[in-house]
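J.:
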Ligand SMILES: [Zn+2]
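Residue numbers (the working numbering): 456 to 701.
#1: So does residue 702 have its beta carbon nearer than 8 Å to some heavy atom of ligand 1?
#2: Would you mind giving the Cβ-Cβ distance between residue 485 and residue 571, rounded to the nearest angstrom? I have them listed as a contact below 8 Å.
#3: By DSSP, does residue 638 sit in helix, in strand, or in coil?
#4: Would you check if there are 3 or more beta carbon pairs closer than 8 Å linking the segment 601-619 to the segment 637-645?
#5: Could you tell me the alpha carbon to alpha carbon distance between residue 534 and residue 488, rounded to whole angstroms?
#6: Is the number of C-beta pairs between the segment 625-644 and the segment 595-602 that are closer than 8 Å three or more?
#7: Since residue 461 and residue 590 should fall inside the 8 Å C-beta cutoff, what is the C-beta to C-beta distance between them, to a whole number of angstroms?
#8: Look up residue 607 in the DSSP assignment and say whether it is helix, strand or coil.
#9: With residue 668 and residue 633 assumed to form a contact (beta carbons below 8 Å), what rounded beta-carbon distance in angstroms separates them?
#10: Buried or exposed: where does residue 482 fall if 16 or more other Cβ atoms within 10 Å of its Cβ makes it buried?
#11: Under 8 Å: does the beta carbon of residue 666 sit that close to some heavy atom of ligand 1?
#12: Taking buried to mean at least 16 other C-beta atoms within 10 Å of its own C-beta, is residue 631 buried or exposed?
#13: Would you kindly report the start and end of the unbroken beta strand (DSSP E) that includes residue 667?
#14: In terms of residue numbering, what span does the alpha helix (DSSP H) encompassing residue 484 cover?
#15: Alpha carbons only, please: which of 568, 507, 586 and 627 is nearest the one belonging to residue 458?
#16: Taking only the alpha-carbon atoms, compute the straight-line gap between residue 521 and residue 527 and give it to the nearest angstrom.
#17: What residue does the alpha helix (DSSP H) around residue 625 start on, and which one ends it?
#18: Roughly how many whole angstroms lie between the Cα atoms of residue 507 and residue 561?
#19: The alpha helix (DSSP H) spanning residue 647 covers which residue range?
#20: Let me know the secondary structure DSSP gives residue 629 once reduced to three states.
Here it is, written out as C-alpha cells:
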C-alpha cells in the first residue's frame, strides 16, 4: 500500500516541472512578441523619415522655381505642388507620432515580459530542485520499504507468500484487518470460530474475498468483562500462521 502510494507521488512530480516550463515558455513568447513589435515600428519610422525627407526636398525645389515663374497658371501649379508636399509631410509625421506611441506600449510590455521570464526561470529552477529532493527522498523511502519487505518475506512461509502475492495482484491488497467480526476488505462477517482463532493471533483467509485476515489488539476496544473462553496463557502472542483451511 505504501509502495503504491510512493509510486503514485513519483508519477505526479514530472508534471510540476512541465507546468513551470510552460509558464517560462509563455513569458518568453511575450518577450519575443514585444521585441518584434518594437523592430516593426522602428523600420516603419525609418521608412516614414525617408518619405518626409523626399517631400521636403521637392517642396524646396518648387519654392526655388517660384522666383522664375512667368505666368499666374505656372505660379498656381507650383503653389499646388508645395501645398501637396506640406500636407504629405504633415500626414507622415502624424503616422510617426502614432508609431512612437505604439513603441511606448511595446516597451512597457517588453519590460513586464522580461521580468516575468526572470521570475518564471527562478520558479522553474526552484521547482526542479524541490522535485529532485523529493525524488531522492522517495527513492530512499522505496529502498527502505524494499529492505523491510524482503526481511519480512524471509520470515514468512513460501506458500503464504504465493497466496498473498496472488491476492495483492487481483484485489490491490492481500491482507485485511478483521474488526468487530468483520473483514475490513470486503465488509463480510467472519465465522465465530475464525474470529476466535484470529484473536489468538492466527492469520486466516476471509471466506468471502480471500484476503488474509489479521487481528490487531491495539485497534480493538478494551474488553468490558474478563473473558472466560479460550484464554490460554500464550493466546496473545502473534504466532507463525498455521496452515489455512483447517
Ligand atoms: Zn473479506
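We treat Cβ as the ideally placed atom computed from N, Cα and C, and that holds for glycine. Bear in mind that the values here come from a model prediction, so they are computed numbers and not experimental data.
T.: This is what the structure gives:
#1: Residue numbering for the chain in the displayed model covers 456 to 701; residue 702 lies beyond these limits and cannot be assessed.
#2: One-based indexing of the chain shown puts residue 485 at position 30. One-based indexing of the chain shown puts residue 571 at position 116. That pair is a contact at about 7 Å.
#3: As a first step, residue 638 must be located in the chain shown, where it is residue number 183. Strand at residue 638.
#4: no
#5: Here the question's residue 534 lines up with position 79 in the chain shown. Here the question's residue 488 lines up with position 33 in the chain shown. Each residue's Cα considered, the two are about 45 Å apart.
#6: Pairwise C-beta distances place the segment 625-644 out of contact with the segment 595-602, as fewer than three of them are shorter than 8 Å.
#7: Walking along the chain shown from the start, residue 461 turns up at place 6. Walking along the chain shown from the start, residue 590 turns up at place 135. With a Cβ gap of about 11 Å, residue 461 and residue 590 do not count as contacting.
#8: Walking along the chain shown from the start, residue 607 turns up at place 152. If DSSP states are grouped into helix, strand and coil, residue 607 belongs with the helices.
#9: Taking the chain shown and counting its residues from 1, the one referred to as residue 668 is at position 213. Taking the chain shown and counting its residues from 1, the one referred to as residue 633 is at position 178. Yes, residue 668 and residue 633 are in contact; Cβ-Cβ is about 4 Å, under 8 Å.
#10: For the purposes of this step, residue 482 is taken as residue 27 along the chain shown, with counting starting at 1. Residue 482 comes out buried.
#11: For the purposes of this step, residue 666 is taken as residue 211 along the chain shown, with counting starting at 1. At least one heavy atom of ligand 1 is nearer than 8 Å to the Cβ of residue 666, so yes.
#12: Position 176 of the chain shown, counted from the start, is the residue given in the question as residue 631. It counts as buried.
#13: For this step, residue 667 is matched to residue 212 along the chain shown. Secondary structure note for residue 667: its beta strand (DSSP E) is the uninterrupted segment 667-669.
#14: Here residue 484 refers to the residue found at position 29 when the chain shown is read from its first residue. Segment 457-521, the alpha helix (DSSP H) holding residue 484.
#15: The residue labelled residue 458 in the question sits at position 3 within the chain shown. Closest option to residue 458, Cα to Cα, is 627.
#16: For the purposes of this step, residue 521 is taken as residue 66 along the chain shown, with counting starting at 1. For the purposes of this step, residue 527 is taken as residue 72 along the chain shown, with counting starting at 1. Near 11 Å, if we compare the C-alpha coordinates of residue 527 and residue 521.
#17: Looking up residue 625 in the chain shown gives position 170. Run containing residue 625: 613-626, per the alpha helix (DSSP H) assignment.
#18: Against the chain shown, residue 507 aligns to sequence position 52. Against the chain shown, residue 561 aligns to sequence position 106. Answer to the nearest angstrom: the Cα atoms are 24 Å apart.
#19: For the purposes of this step, residue 647 is taken as residue 192 along the chain shown, with counting starting at 1. Per DSSP, the continuous alpha helix (DSSP H) segment holding residue 647 begins and ends at 647-654.
#20: As a first step, residue 629 is located in the chain shown; it is residue number 174 there, counting from the start. In the structure shown, the three-state DSSP call for residue 629 is coil.
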